[in-house]
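Using full-length UniProt numbering, you'd call the opening residue of the sequence shown number 1 and step up by one each time. In what follows, a structure is listed as structure tokens, so that the remarks can point back to it.
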Amino acid sequence: MCEDQQLKVALALLDENRTDPLNAGVELCLKILLNVVAAPAEPKFRQIRTTNARVKDTLWTLRGGRLALLAAGFVESGESIVMDNVDVPRIERVIAALKQLLAARLERDCSAKRAHADAVRLSQQKSVEERSNMKLSISDDAASRREPGWRPQVSAAAAKGGSTITTATDIGASGDCC
Numbered sequence: 001m002c003e004d005q006q007l008k009v010a011l012a013l014l015d016e017n018r019t020d021p022l023n024a025g026v027e028l029c030l031k032i033l034l035n036v037v038a039a040p041a042e043p044k045f046r047q048i049r050t051t052n053a054r055v056k057d058t059l060w061t062l063r064g065g066r067l068a069l070l071a072a073g074f075v076e077s078g079e080s081i082v083m084d085n086v087d088v089p090r091i092e093r094v095i096a097a098l099k100q101l102l103a104a105r106l107e108r109d110c111s112a113k114r115a116h117a118d119a120v121r122l123s124q125q126k127s128v129e130e131r132s133n134m135k136l137s138i139s140d141d142a143a144s145r146r147e148p149g150w151r152p153q154v155s156a157a158a159a160k161g162g163s164t165i166t167t168a169t170d171i172g173a174s175g176d177c178c
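Below, the structure is given as structure tokens:
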């Protein structure tokens, strides 16, 4: 797989991760790559043990984490990955792509949070309007009941579906007991 394809696949896989692990893993990957760019002749920055606890827990568990380092020029070699030939422009492309991925993810997360906040706010406004309308209806009803000669148009029982109740007179009972 060529380096551009490798980078595209790595970015796509990285983007599938949850935000917190993604941020931690990409930050570690960026730190590793920035160290290599800052000191390309330093061998300790160009060799990473796969058994290193922080790398193992943060980067290897991340989908696309290992592939991002391979796209930057690291190669697997036994218990570690190493970068024999430092290609600074290639590493800088990977660094830029990783930073762009983080920025895009941050923007998406912020947009999602704004959309959620807007939905909550609209729901609360609707609830306030419904309560306000209900209070207005109750106060209008109370005012109309205070008018002289007010009589209900429908009995309370009928309004609640009680008009379908069978009564004793409906079945011909006289009311006399035993």
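Quick reminder that beta carbons are idealized off the backbone N, C-alpha and C, glycines included.
Give the single residue among Asp57, Glu42, Leu59 whose Cα lies nearest to the Cα of Asn85. Of the candidates Asp57, Glu42, Leu59, the residue whose Cα lies closest to the Cα of Asn85 is Glu42.
Just to confirm the assignment, what range does the alpha helix (DSSP H) spanning Ile138 have? Unbroken alpha helix (DSSP H) run through Ile138: 88-146.
Taking 7 Å as the limit between beta carbons, can you name the residues of its chain near Ala24, skipping five residues before and five after? Thr58
Nonlocal neighbours in the same chain, by C-beta distance under 7 Å from Met83, ignoring five residues either side: Val36, Arg46, Gly73, Phe74
Taking just the CA atoms, how far does Arg131 sit from Gln100? 46 Å
Is there contact between the segment 10-26 and the segment 55-69, where contact requires at least three CB pairs shorter than 8 Å? yes
For Asn17, does the count of other Cβ atoms within 10 angstroms reach 16, so buried, or fall short, so exposed? buried
Terminal residues of the continuous beta strand (DSSP E) containing Arg49? 47-49
By Cβ distance, which residues of its chain are closer than 8 Å to Cys2, with the 5 residues on each side in sequence left out? none
How big is the Cα-Cα spacing for Leu98 and Glu107? 14 Å
Where does Glu42 fall in DSSP's three states? coil
Would you mind sorting Val88 into buried or exposed? The rule is 16 or more other CB atoms within 10 Å of its CB. exposed
Using only alpha-carbon positions, find the residue among Ile32, Arg66, Val55, Pro148 that is nearest to Lys44. Ile32
Do Leu102 and Val9 come within 7 Å of each other at the CB atom, strictly closer than that value? no
Using the three-state DSSP reduction, which class does Glu76 fall into: helix, strand or coil? strand
Is the beta carbon of Leu7 less than 7 Å from the beta carbon of Ala71? Yes, Cβ-Cβ distance for Leu7 and Ala71 is below 7 Å.
Decide if Ile48 is buried, meaning its Cβ has at least 16 other Cβ atoms within 10 Å, or exposed. buried
Candidates Trp150, Leu11, Gly149, Pro152: which alpha carbon is nearest Leu67's? Leu11
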